[in-house]
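*Asks:* Got a structure for you, questions after.
Numbering (this note's numbering), first residue to last: 271 to 625.
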C-alpha cells in the first residue's frame, strides 16, 4: 500500500558534468506540506532518477538546502498558507529548478552510479524504492499513535470535566457523566482504544524487527500498517465528533481540546490519504481473489462476498465495452465496503501475527 509515495520531482544524471540535476517539472510536482521548510539547512529529497535516458525510480538525495542562511541557487519556497490548526508548525512548498548535486549526494547503500556511468543495484533483490517506503510505514505507525493520543487526551480531559459537572435531577445528586449517552460513549471508547492500542503496538513491534533485520516488511505487515493508519484516524474522527455533540457547551471552550479536532483531519491525509489507501487495500484484495480463482487464503466471508460481487460487475461491464476504471468508480461504495472488510479482518484479534 504505497499510496503516499507519489514522486514527480526528477533527478537526471549528467554524464558530461558528473552531477545530478534536481528539478520540479511542473507546479503539481512541488514538494508540499514540508515541515521545517523555512528553517532547515539540509534536506533529503526523494526524486525520480533517470540515468542514460532510462528512468530507474525514486531515489533519495541529501543536499545543502541553505548555505550561510540563504537558500541554495535553484531552490524556491513559500508557505502553504494559514491552517485551521498547527500554525506553530511551518509547512512549505518547495520547488527545484535544475539544482546541481554532486555524485555523493545520492544515498548509495542500495544503488549507485558506477565510474562508467551505469546504474547499479548494490543489494540483490532490494530496490531503493522499497527501502524509502519503509519510512512511509514507520510514519503511518506514528500517525496512528498521534491520532490515538489526541483522542486519549480529549476523552480524559472531557471526562474530568463531566465527572465534576453537577446537573439537575429529581432522583438526587448527579453529574454530567451519568447521562446515558455520555456514559455509553466513554465505555465504548475505552473498549475500542484498548483493542486498537494493542493492534498498533503489535504492528510497531513487527515493523521494528523488520527494520533491525534489514529486511522488507511482508505484504501482510504492509496491509496491517495501512489498517492501523486508516482505523486509528477514522475511528478517532468519528468518536471524538460524537463526544463533542454530547458533552454540550464545554466543547466550545478554548481549553477543552475540542477546538483542535482538525488535528485528526491532518492525520487523515498524512503519510498516505486514508481514502486512497482504502482504494489500494480493496484493489489488492480483489486482484488476489481473481488470481486465486476465488480461493485466496485468509479471506473473511465479507471479503469473499464483496470480491465476488465487485469482480462480477467489472467483468460484466467490461464485456459490455465499459472501461474497468469507470466500473470501479461507479461501484465506489462497494469498493470502500470491501476495504472496510479487509480492515476489520486484519485487526479483528487486536494483535498482528505473521501467518
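A virtual CB, placed ideally from N, CA and C, is assigned to each residue, including glycine.
Tell me the DSSP bridge mates of residue 337?
*Replies:* Locating residue 337 in the chain shown gives position 67, counting from the first residue. According to DSSP, residue 337 bridges with 340.
*Asks:* Straight-line CA distance for residue 392 to residue 428?
*Replies:* Start at 1 with the first residue of the chain shown, and residue 392 comes out as number 122. Start at 1 with the first residue of the chain shown, and residue 428 comes out as number 158. Answer to the nearest angstrom: the Cα atoms are 54 Å apart.
*Asks:* Among 547, 545, 578, 572, which has the Cα closest to the Cα of residue 561?
*Replies:* In the chain shown, residue 561 corresponds to position 291, counting from 1. With distances taken between Cα atoms, residue 561 lies closest to 578.
*Asks:* What distance in whole Å lies between the Cβ atoms of residue 494 and residue 616, which are believed to be in contact at a cut-off of 8 Å?
*Replies:* Here residue 616 is taken as the residue at index 346 of the chain shown, counted from 1. Here residue 494 is taken as the residue at index 224 of the chain shown, counted from 1. Contact flag correct, Cβ pair sits at about 5 Å.
*Asks:* Give every residue of the same chain whose Cβ lies closer than 7 Å to the Cβ of residue 625, excluding the five residues on either side of it in the sequence, and list them in chain order.
*Replies:* Taking the first residue of the chain shown as 1, we reach residue 625 at position 355. The answer, listed in chain order, is 490, 568.
*Asks:* Helix, strand or coil: how does DSSP classify residue 295 here?
*Replies:* Looking up residue 295 in the chain shown gives position 25. Note: residue 295 maps to coil in three-state DSSP.
*Asks:* Is DSSP giving residue 526 helix, strand or coil here?
*Replies:* Looking up residue 526 in the chain shown gives position 256. It is coil, neither helix nor strand.
*Asks:* From residue 274 to residue 548, what distance separates their C-alpha atoms?
*Replies:* Here residue 274 refers to the residue found at position 4 of the chain shown. Here residue 548 refers to the residue found at position 278 of the chain shown. The pLDDT assigned to residue 274 is 47, lower than 50, so where the model puts this residue is not dependable; a value taken from the coordinates is nonetheless given after this. Approximately 12 Å between the Cα atoms of the pair.
*Asks:* Helix, strand or coil: which one does DSSP assign to residue 607?
*Replies:* Position 337 of the chain shown, counted from the first residue, corresponds to residue 607. Residue 607: helix per DSSP, three-state reduction.
*Asks:* Could you check whether the segment 302 to 315 touches the segment 363 to 376, counting it as contact only if at least three pairs of C-beta atoms, one from each stretch, sit closer than 8 Å?
*Replies:* Touching, yes, given that three or more Cβ pairs across the two stretches are closer than 8 Å.
*Asks:* Helix, strand or coil for residue 516 per DSSP?
*Replies:* Numbered from its first residue, the chain shown carries residue 516 at position 246. DSSP places residue 516 in helix when its eight states are reduced to three.
*Asks:* Secondary structure at residue 285, three-state DSSP: helix, strand or coil?
*Replies:* Here residue 285 is taken as the residue at index 15 of the chain shown, counted from 1. Reduced to three states, the DSSP call for residue 285 is coil.
*Asks:* Any idea which residues DSSP pairs residue 290 with across the strands?
*Replies:* The count along the chain shown starts at 1 and reaches residue 290 at position 20. 283, 371, per the DSSP bridge assignment.
*Asks:* Starting from residue 459, trace the beta strand (DSSP E) both ways and give me its first and last residue.
*Replies:* The residue labelled residue 459 in the question sits at position 189 within the chain shown. Not the beta strand (DSSP E): residue 459 falls in the alpha helix (DSSP H), residues 450 to 483.
*Asks:* Using only the alpha-carbon positions, how far apart do residue 593 and residue 583 sit?
*Replies:* Against the chain shown, residue 593 aligns to sequence position 323. Against the chain shown, residue 583 aligns to sequence position 313. The alpha-carbon atoms of residue 593 and residue 583 are separated by roughly 12 Å.
*Asks:* Measure the alpha-carbon distance for residue 303 versus residue 359 and round it to whole angstroms.
*Replies:* Translated into positions along the chain shown, residue 303 becomes position 33. Translated into positions along the chain shown, residue 359 becomes position 89. Straight-line Cα distance between these residues: approximately 10 Å.
*Asks:* Excluding the 5 residues flanking residue 320 on each side, which residues of the same chain have their C-beta closer than 6 Å to its C-beta?
*Replies:* Start at 1 with the first residue of the chain shown, and residue 320 comes out as number 50. So the qualifying residues of the chain are 282.
*Asks:* Could you check what DSSP says for residue 556 in three-state terms: helix, strand or coil?
*Replies:* The residue you call residue 556 lines up with position 286 of the chain shown. Residue 556 falls in the helix class under three-state DSSP.
*Asks:* Hey, how far is the Cα of residue 492 from the Cα of residue 388?
*Replies:* Along the chain shown, read from residue 1 onward, the residue named residue 492 stands at position 222. Along the chain shown, read from residue 1 onward, the residue named residue 388 stands at position 118. Computed Cα separation, rounded: 32 Å.
*Asks:* Considering only residues of the same chain and omitting the five flanking positions on each side of residue 528, which have a CB-CB separation below 6 Å?
*Replies:* As a working mapping, residue 528 is identified with position 258 in the chain shown. Within the same chain, residue 528 has close Cβ partners 514, 521.
*Asks:* Check the C-beta distance from residue 613 over to residue 500 and give it rounded, since I have them as a contact under 8 Å.
*Replies:* Reading the chain shown from its first residue, position 343 is the one you call residue 613. Reading the chain shown from its first residue, position 230 is the one you call residue 500. Right, their Cβ atoms sit about 6 Å apart.
*Asks:* Our contact map puts residue 407 next to residue 487 with C-beta atoms below 8 Å; I'd like the distance itself, whole angstroms only.
*Replies:* As a position in the chain shown, residue 407 is number 137, starting the count at 1. As a position in the chain shown, residue 487 is number 217, starting the count at 1. At roughly 6 Å, the Cβ-Cβ gap stays under 8 Å, so residue 407 and residue 487 are in contact.
*Asks:* Taking buried to mean at least 16 other C-beta atoms within 10 Å of its own C-beta, is residue 305 buried or exposed?
*Replies:* What you label residue 305 is simply residue 35 of the chain shown in a count that begins at 1. Answer is exposed; the Cβ neighbour count stays below 16.
*Asks:* My output table needs one value for residue 310: the three-state DSSP class, helix, strand or coil.
*Replies:* What you label residue 310 is simply residue 40 of the chain shown in a count that begins at 1. Residue state, collapsed to three classes: coil.
*Asks:* Kindly indicate the opening and closing residues of the alpha helix (DSSP H) around residue 407.
*Replies:* To locate residue 407, count along the chain shown from 1; it is residue 137. From DSSP, the alpha helix (DSSP H) with residue 407 extends over 398 to 434.
*Asks:* Just to confirm the assignment, what range does the alpha helix (DSSP H) spanning residue 385 have?
*Replies:* Your numbering for residue 385 matches position 115 in the chain shown. No alpha helix (DSSP H) holds residue 385; DSSP gives it neither H nor E.
*Asks:* Report buried or exposed for residue 402, applying the criterion of at least 16 other Cβ atoms within 10 angstroms of its Cβ.
*Replies:* The residue given as residue 402 occupies position 132 in the chain shown. Classification for residue 402: buried.
*Asks:* Leaving out five residues before and five after residue 610 in sequence, what residues of the same chain have Cβ atoms less than 8 Å from its Cβ?
*Replies:* The count along the chain shown starts at 1 and reaches residue 610 at position 340. So the qualifying residues of the chain are 548.
*Asks:* Return the residue from the list 322, 472, 308, 417 that minimises the CA-CA distance to residue 336.
*Replies:* By 1-based counting over the chain shown, the position of residue 336 is 66. Here the closest residue by C-alpha is 308.
*Asks:* My understanding is that residue 342 touches residue 369, with C-beta atoms under 8 Å, so please give their C-beta distance in whole angstroms.
*Replies:* Walking along the chain shown from the start, residue 342 turns up at place 72. Walking along the chain shown from the start, residue 369 turns up at place 99. Indeed, because the Cβ distance is near 7 Å, the residues count as touching under 8 Å.
*Asks:* Express the C-alpha separation of residue 537 and residue 271 in angstroms, rounding to a whole number.
*Replies:* Here residue 271 refers to the residue found at position 1 of the chain shown. Here residue 537 refers to the residue found at position 267 of the chain shown. Unreliable placement is indicated for residue 271, whose pLDDT of 38 sits below 50; no coordinate value is reported for it.
*Asks:* Please state whether DSSP places residue 625 in a helix, a strand or coil.
*Replies:* As a first step, residue 625 is located in the chain shown; it is residue number 355 there, counting from the start. Looking at residue 625 - three-state DSSP - the assignment turns out to be coil, as it is neither helix nor strand.
*Asks:* Would DSSP call residue 349 helix, strand or coil?
*Replies:* Residue 349 sits at position 79 when you count from the first residue of the chain shown. Strand at residue 349.
*Asks:* Which residues in the same chain have their Cβ closer than 8 Å to the Cβ of residue 481, if we skip the five residues on either side of it in sequence?
*Replies:* Locating residue 481 in the chain shown gives position 211, counting from the first residue. Only 404, 408 meet the Cβ criterion.
*Asks:* Rank 278, 299, 349, 431 by C-alpha distance to the C-alpha of residue 518 and give the top, closest one.
*Replies:* Within the chain shown, residue 518 is the residue found at index 248, counting from 1. Measuring from the Cα of residue 518, the nearest candidate turns out to be 431.
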